[in-house]
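Residue numbers (full-length UniProt numbering), protein chains in the order written: chain A, 1 to 700; chain B, 1 to 76.
C-beta: ideal position from N, C-alpha, C; glycine also.
Since we're looking at a predicted model, the values are computed, not measured.
Below is one structure; the comments refer to it alone.
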């Protein structure tokens, strides 16, 4: 065994502090990836054990049982049934919460049936005294045929004992503690006779689950002659019998070993719930918290964002000044550095959002929000669980789409995924800010700043459109679904700083490296398209312009600007832009905005950067771009290009259009089909075009 | 009349009787909603939907449509 890592799988119900145990075992020595082909988060880490040993720990998604009802839960059984998987555990560690031991043990007895050495962690042991709970660990170990570690992950108690148990995993008995086959002796007897070599419980899982596992295949079992298959409703009844049987065993065991002195249990939960889930106060508090989150995202994060903005602008200047002149320098200073800046600038907002979301989740408050909002959201075909994705959508649609995973009902989940991109994500913000500054007067109306009101209106518009289209989709989509909704209402807990910190860092990292790659690639492509062009018009731009201006005495700077914009007009991107001008002209845009819109289909935040490149301003400083934009004239109608009409039209276009490749990619992944992202792209963009067209034609 | 979880008033308790296997998700059973267990209505959202229950120490919320499927005997 020396030299070899011990493979450990952490398994447990949600809200048992499994992640805290994982964080205590691995520290920052962990990595978050995806399971191949699906977007379920895969968390793994390394743990140093005494005597120079090491453990590879995999934190499996939380599940209430081995009867999977979601993609996340499938991952758990798929790993546990496939002995050939490289992560197949040498030892399983089931994490339970001392206050919910009965429910948590259900999963434990199932895991125990798989023939894997299984350690039971009883977490939150520090609460036992306060809650008047006493346990007879010796008898419990004997009855469950396992080793138990009493742990308090928050207080770092018992972790060393757990490590010790992991090292000695070979001494843990592997026989089951419940005999599940008594629920239908004939059926299981038959199963054993037909497949003498397989573990009966594994076969049973394969039969009752809708997934395929490594080397055992459900169809093969069904086809085997002489074996009586059962209808799905019969199977479901058997699963219920199994659950009841397991609970009977657990009740018997806990009667011998668990004592709860109810007088000692002072209930903070019921006092908090009386306020937080109150029919009036519950909502008031929820909206107050939402306001606080918005305040943090838009106000507090503006300080670090300004710093980042300034830093990248000076970095770009620095590169221009110090590197030798040429294409390479220009790529770095005008393509790569602003491109990187465009990614880094969103870090403060995303970090703030996930800070709040993980605090709300850690404390147990998020379940209360789901409870409060379910009825209201259901009217629109959504679920209470859609609230979190819709709120997250105001930062970025990508994590929001991923956050829909815990919605069990497929129709509600699909609708949530489809409408989330309407909410005003942070990438729309720079576009909104610059256009609003340009076309909405900086005046007050009834004591409110008009520009601020416009911004608020755009947020409400995004949210309203999301809800409204959910309502329409709910009527259109014909998806048969067994609707059920069960959520656990966990105990309130003080959030653990370490868990929140790790979560914020992980989520921010996945944005920077996921979406960031695309944004950077687009900025480089844009730079190439704008810096090169076909034919004489592009290559001889300098001579052509100089010739035109020979007679007049033009200042050198103006001449250079003329050359730059002539070049741009005849570059590849200029040709593309002029090609689509007839399409965007009815909306009040010229070919330059057309290009910015095209490049925005990769990511909206590229808009401002593209205009900066196109207007050859050379720096990303907002004032400068704004002044340049204000000076533009409309090629067809004459007069300034950015009027109230074209500005509103542009704002509405950005509010509705599906302009984000990363979101489309994640929707494809989550829905496992190109049908939905393509529908999103076509319908949202067509709607955006129509609304922008109507707005411009009415207002001009 | 059949008495179900949906008929409970806040603070009232009942004992769960048999229920039809096809109408109640397995997950609910796994979370402790089993025949013979005691159920208490802790809190309801507006229009009594969803309902926040305490079943034998397990706290969970279900929609009214599911609550209507679980027959109980009221504890007076």
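Cβ neighbour criterion (16 or more within 10 Å) applied to residue i
i                      : result
residue 443 of chain A : exposed
residue 462 of chain A : buried
residue 10 of chain B  : exposed
residue 303 of chain A : exposed
residue 113 of chain A : buried
residue 591 of chain A : buried
residue 379 of chain A : exposed
residue 1 of chain B   : exposed
residue 259 of chain A : exposed
residue 569 of chain A : buried
residue 233 of chain A : exposed
residue 548 of chain A : exposed
residue 140 of chain A : buried
residue 231 of chain A : exposed
residue 203 of chain A : buried
residue 659 of chain A : buried
residue 122 of chain B : Residue 122 of chain B is absent from the model: chain B starts at 1 and stops at 76.
residue 698 of chain A : exposed
Contact with chain A by residue i, beta-carbon distance below 8 Å
i                      : result
residue 63 of chain B  : yes
residue 163 of chain B : Given a span of 1 to 76 for chain B in the structure shown, any question on residue 163 of chain B remains unanswerable.
residue 26 of chain B  : yes
residue 3 of chain B   : no
residue 60 of chain B  : yes
residue 39 of chain B  : no
residue 57 of chain B  : yes
residue 17 of chain B  : no
residue 6 of chain B   : no
residue 70 of chain B  : no
Contacts that residue i makes with chain A (C-beta to C-beta distance below 7 Å)
i                    : result
residue 9 of chain B : Residues of chain A passing the Cβ test: none, with the nearest at roughly 14 Å.
Proximity test, Cβ basis, 8 Å: residue i and chain B
i                      : result
residue 239 of chain A : yes
residue 103 of chain A : yes
residue 413 of chain A : no
residue 64 of chain A  : yes
residue 695 of chain A : no
residue 279 of chain A : yes
residue 273 of chain A : yes
residue 236 of chain A : yes
residue 375 of chain A : yes
residue 303 of chain A : no
residue 106 of chain A : yes
residue 402 of chain A : no
residue 654 of chain A : no
residue 492 of chain A : no
residue 247 of chain A : yes
Closer than 8 Å at the beta carbon, the chain A residues around residue i
i                     : result
residue 66 of chain B : 484, 485, 486
Amino acids of chain B, ordered along the chain, whose beta-carbon sits closer than 8 Å to that of residue i
i                      : result
residue 244 of chain A : 29, 34, 35
residue 100 of chain A : 57, 58
residue 461 of chain A : Near residue 461 of chain A there are no residues of chain B at all, since even the closest Cβ is about 27 Å away, more than 8 Å.
Beta-carbon neighbours of residue i, restricted to chain A and to distances below 9 Å
i                     : result
residue 14 of chain B : Those do not exist, as residue 14 of chain B stays about 18 Å from chain A at its closest Cβ, beyond 9 Å.
Cross-chain neighbours of residue i in chain B, by beta carbon under 7 Å
i                      : result
residue 371 of chain A : 45, 50, 52, 61
residue 589 of chain A : The contacting residues do not exist; residue 589 of chain A stays about 46 Å from chain B at best.
residue 489 of chain A : 52, 59, 60, 61
Chain-ordered neighbours of residue i on chain B, where CB pairs are closer than 9 Å
i                     : result
residue 67 of chain A : 26, 27, 30
Between the region 560 to 580 of chain A and the region 527 to 539 of chain A, do three or more beta carbon pairs fall short of 8 Å?
-> Because the criterion of three Cβ pairs below 8 Å is met, the region 560 to 580 of chain A and the region 527 to 539 of chain A touch.
At a cut of 8 Å, does the region 595 to 614 of chain A reach the region 420 to 435 of chain A through at least three beta carbon pairs?
-> The region 595 to 614 of chain A is in contact with the region 420 to 435 of chain A.
Counting pairs of Cβ atoms below 8 Å between the region 125 to 140 of chain A and the region 155 to 165 of chain A, do you hit three or more?
-> Touching, yes.
Inter-stretch contact at 8 Å, needing at least 3 Cβ pairs: the region 32 to 43 of chain B / the region 448 to 456 of chain A | By the Cβ rule, the region 32 to 43 of chain B does not count as touching the region 448 to 456 of chain A, because fewer than three pairs are nearer than 8 Å.
Would you call the region 99 to 108 of chain A and the region 44 to 60 of chain B in contact, with 3 or more CB pairs under 8 Å?
-> The region 99 to 108 of chain A vs the region 44 to 60 of chain B: in contact.
Residue ranges of each beta strand (DSSP E) run of no fewer than 3 residues wholly in the region 127 to 192 of chain A, ordered along the chain?
-> Within the region 127 to 192 of chain A, complete beta strand (DSSP E) segments of at least 3 residues are found at 133 to 135, 147 to 150, given in chain order.
Are the region 373 to 387 of chain A and the region 342 to 355 of chain A in contact at 8 Å, needing three or more beta carbon pairs?
-> They do not touch, by the three-pair rule.
So, do the region 62 to 75 of chain A and the region 2 to 16 of chain A have three or more beta carbon pairs nearer to each other than 8 Å?
-> Yes, the region 62 to 75 of chain A touches the region 2 to 16 of chain A.
Which runs of the alpha helix (DSSP H) spanning at least 4 residues fall entirely within the region 344 to 377 of chain A, listed in chain order?
-> The DSSP assignment places 347 to 363 as complete runs of the alpha helix (DSSP H) inside the region 344 to 377 of chain A, in order along the chain (cut-off: 4 residues).
Please specify which runs of the alpha helix (DSSP H), each continuous and at least 4 residues long, are wholly inside the UniProt domain "Ferrous iron transporter FeoA-like" (3 to 74) of chain B, giving them in chain order.
-> The qualifying runs are 26 to 30, 64 to 67.
Sequence ranges, alpha helix (DSSP H) only - wholly within the region 563 to 648 of chain A, length at least 4 = Taking only runs of at least 4 residues, the alpha helix (DSSP H) segments lying wholly in the region 563 to 648 of chain A are 572 to 584, 591 to 600, 606 to 614, 622 to 631.
Whole alpha helix (DSSP H) elements within the region 445 to 507 of chain A, 4-residue minimum | Correct list: 450 to 476.
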